[in-house]
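Have a look at the structure below, then the notes.
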Amino acid sequence: MTITEQALSRLSFAVRLLDGFSGQTCLIDATKVIIKENGKMALQNPSGYQVFRGVIETKVTICVENKYYFTKETSVNIPTLDSRNPVAVVTMKPNYLYPFPPASTLVRGVILGQGNNPVAGAQVSVAGSAVTNESEADGRFVLYWGPLEEDDISVVNHQRHLKIGGSTTIQLNVSHPSFQPKTIVIGTMAEGELKLLTTPIILSP
1 MTITEQALSR LSFAVRLLDG FSGQTCLIDA TKVIIKENGK MALQNPSGYQ
51 VFRGVIETKV TICVENKYYF TKETSVNIPT LDSRNPVAVV TMKPNYLYPF
101 PPASTLVRGV ILGQGNNPVA GAQVSVAGSA VTNESEADGR FVLYWGPLEE
151 DDISVVNHQR HLKIGGSTTI QLNVSHPSFQ PKTIVIGTMA EGELKLLTTP
201 IILSP
């Protein structure tokens, strides 16, 4: 959806937020979008765009906060936006609290370091795929898959198992600048399964 000419006469630029799981243009729950340099807060218009008016800077950093997504900061160079439709698109990555719908394909777990202290900011990825996320302040993480194609599925004993690179054995790669990298084999996963890792992933310095 484009912004009308009437709206353009009143705004400096707008932000279109995308849900990184659903692809929808409307995020779950309340969202705060601010310009870091001046503290100006966006107003949401009826179309769901976050709108800024009266911005005198040409380049700003916007910060997007929502409890169900990782906080995101991104730079916006206003003169480079389309003058007829000055919209910056920001994709928000769901965090552990995100209310995934039933039958979503998920892995949930927690990452700990020395003394069983939670590790924040660890990168957790599924080996051989683009599925990745990071651990939060309490060490929890969630990995999620969107809609799966038939090429992503292997049918075994009438069960639809996730397949990556021809294998149904799923491995997680975990990395953090302060710890040794680690690979975890979590076995097979069915389509639509929530796999909860009951044993924490322990990282060594």
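For the sequence shown, this note's numbering gives the first residue as 1, with consecutive numbering after it.
All C-beta atoms, glycine included, are put in the ideal place defined by N, C-alpha and C.
Around the CB of K32, fewer than 16 other CB atoms lie within 10 Å, so the residue is classed as exposed. The C-beta of Q50 has 16 or more other C-beta atoms within 10 Å across all chains shown, which makes the residue buried.
With a beta-carbon spacing of about 5 Å, A127 and N173 fall inside the 8 Å limit used to define contacts.
Annotation: K93 is outside any beta strand (DSSP E) and is labelled neither H nor E by DSSP.
With 16 or more other CB atoms across the displayed protein chains lying within 10 angstroms of its CB, V76 is buried. Note: I111 is bridge-paired with I201 in the DSSP secondary-structure output.
By alpha-carbon distance to E136, the top candidate from A120, W145 and L148 is A120.
Close CB contacts of S204 within its chain, under the 7 Å cut and outside five residues either way in sequence, are with F179 and Q180 (chain order). Annotation for K72: V64, V90 and M92 place their beta carbon closer than 7 Å to its own, counting only its chain and skipping 5 residues before and after. Secondary structure at E37: coil, using DSSP grouped into helix, strand and coil. Between R84 and the set S12, I111 and T188, the nearest pair of CA atoms involves S12. For C63, the uninterrupted beta strand (DSSP E) run begins and ends at K59 to E65, by DSSP.
In the three-state DSSP reduction, D19 falls in the strand class (E or B). When C-beta atoms of the region 104-113 are compared with those of the region 35-47, fewer than three pairs fall below 8 Å, so the two segments do not count as touching. Annotated as proximal: K59 and I78, with beta-carbon spacing under 8 Å. Inter-residue distance for V107 and S129 is about 14 Å (C-alpha atoms, whole angstroms). Assigned with DSSP and collapsed to three states, E150 falls in helix.
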